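Notes follow once the structure below has been shown.
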Amino acid sequence: MYHLAGHREKIISYVVDNFERCPLGAYPRLISDKSEYAGHLKWSHSKRELLSWAYKNLIQSQIAILP
0 MYHLAGHREK IISYVVDNFE RCPLGAYPRL ISDKSEYAGH LKWSHSKREL LSWAYKNLIQ
60 SQIAILP
């Protein structure tokens, strides 16, 4: 988890590029503008929530490999 903390912006850009709706909320929200979507991920969700989601959904399931 500590290593992922340095890749927050890369995780946000991955989610914006690959998910049509915000996967972090209880009710997936559709945001059509990419910059607004990135801002939503950065400011509406905690850093811990974003990193925990990335670890569970991207690292454990090995969908993506972050450098």
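Here numbering that gives the first Met the number 0 is used: the first residue of the sequence shown is 0, the next is one more, and so on. Note that the Cβ used here is the ideal one computed from N, Cα and C, for glycine as well. Computed from a predicted model, the values in this text were never measured in an experiment.
Excluding the 5 residues preceding and the 5 following residue i in the sequence, name in chain order all residues of the same chain whose CB lies nearer than 6 angstroms to its CB.
i: Y36; result: V15 and I30
Going by CA-CA distance only, name the one from the options that's closest to residue i.
i: S43; options: E8, N17, I58 and G24; result: G24
i: G38; options: C21, S51 and L57; result: C21
Note down the Cα distance separating residue i from residue j, rounded to an integer number of angstroms.
i: L57; j: S34; result: 22 angstroms
i: N17; j: S60; result: 15 angstroms
i: E48; j: D32; result: 22 angstroms
Who are the Cβ neighbours of residue i in its own chain at under 8 angstroms, not counting the five residues just before and after it?
i: L50; result: M0, L3, A4, R7 and I10
Taking the alpha helix (DSSP H) that residue i falls in, what are its first and last residues?
i: R7; result: R7 to N17
Which residues in the same chain as residue i place their Cβ atom closer than 7 angstroms to its Cβ, once the five residues preceding and following it in sequence are excluded?
i: K41; result: I11
i: N27; result: The question names Asn, but residue 27 is Pro in the sequence shown. The residues are R20 and C21.
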